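Before any comments, here is the structure.
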Amino acid sequence: MTSSDTSSWTDICPVDDILPDTGVCALVQGRHVAVFRVGPDRFFAIDNVDPKSGASVLSRGLVGSLGDRIVVASPLYKQHIDLHSGQCIEQPELSVSAHAVRTESGVVQVRLR
0 MTSSDTSSWT
10 DICPVDDILP
20 DTGVCALVQG
30 RHVAVFRVGP
40 DRFFAIDNVD
50 PKSGASVLSR
60 GLVGSLGDRI
70 VVASPLYKQH
80 IDLHSGQCIE
90 QPELSVSAHA
100 VRTESGVVQV
110 RLR
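Dropping the structure here:
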């Protein structure tokens with residue numbers, strides 16, 4: 000990223016505020032976003048609103064894998080969302096948006112797509 004791109008990035012929290020294999024919810028430009036830390040240093044961001052229920056809960060889901068896909072299971076209906084793409088594995092029509100995420104100087108940042 001060039002320095003002119005920094006205005007589109009939103010600071011979420013310090014890296015250490017997100018425990019490995021968990022997520023947090025953040026409000027980014029009026030949008031509920033779930034930010035996940037997988038292992039010690041991989042981060043993902045998807046919409047936090049469960050598309051089936053409309054509740055802002057995906058950040059509370061269980062992080063795991065299905066084959067080679069890193070997923071979160073919705074805490075309500077248990078559908079699996081691919082953290083790379085936002086695709087719902089069982090019901091593609093329930094997919095969510097995936098967002099760009101990075102760490103900069105120890106802070107997790109998100110850019111909406």
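Just so we're aligned, residue 0 is where the sequence shown starts under numbering that gives the first Met the number 0, counting upward by one. Where is the CB? At the ideal position from N, CA and C, for every residue including glycine. Since the model is a prediction, treat every value here as computed from it, not as a measurement.
Taking isoleucine 88 as the centre and dropping the five residues before and after it, the same chain places the C-beta of Leu65, Arg68, Val70, Gln78, His79, Ile80 and Asp81 closer than 8 angstroms to its C-beta, in chain order. In terms of Cβ geometry, leucine 111 and arginine 41 do not form a close pair [threshold 8 angstroms]. Under the DSSP definition of a beta bridge, isoleucine 45 partners with Ala33 and Ala97. Residues Val32, Val34, His98, Val100 and Val109 of the same chain have their beta carbon placed closer than 6 angstroms to that of alanine 44, with the five preceding and five following residues left out of the count.
In chain order, Lys51 place their CB closer than 6 angstroms to the CB of tyrosine 76, counting only its own chain and leaving out the 5 sequence neighbours on each side.
DSSP, reduced to helix, strand and coil, places valine 14 within a helical segment of the structure shown. Apart from sequence neighbours up to five positions away, the residues of its chain that approach tryptophan 8 with a beta-carbon distance below 6 angstroms are Gln108 and Arg110, ordered along the chain. Distances from the CA of aspartate 49 to each of Gln86, Val27 and Ser104 were compared; the closest alpha carbon is that of Gln86. Of the other Cβ atoms in all chains shown, 16 or more fall within 10 Å of the Cβ of glycine 22; this residue is therefore buried. Residue environment analysis places aspartate 20 among the exposed positions, since fewer than 16 neighbouring C-beta atoms fall within 10 angstroms of its C-beta.
Using a 10 angstroms sphere on the CB of serine 73, the tally of other CB atoms reaches 16 or more, which defines it as buried.
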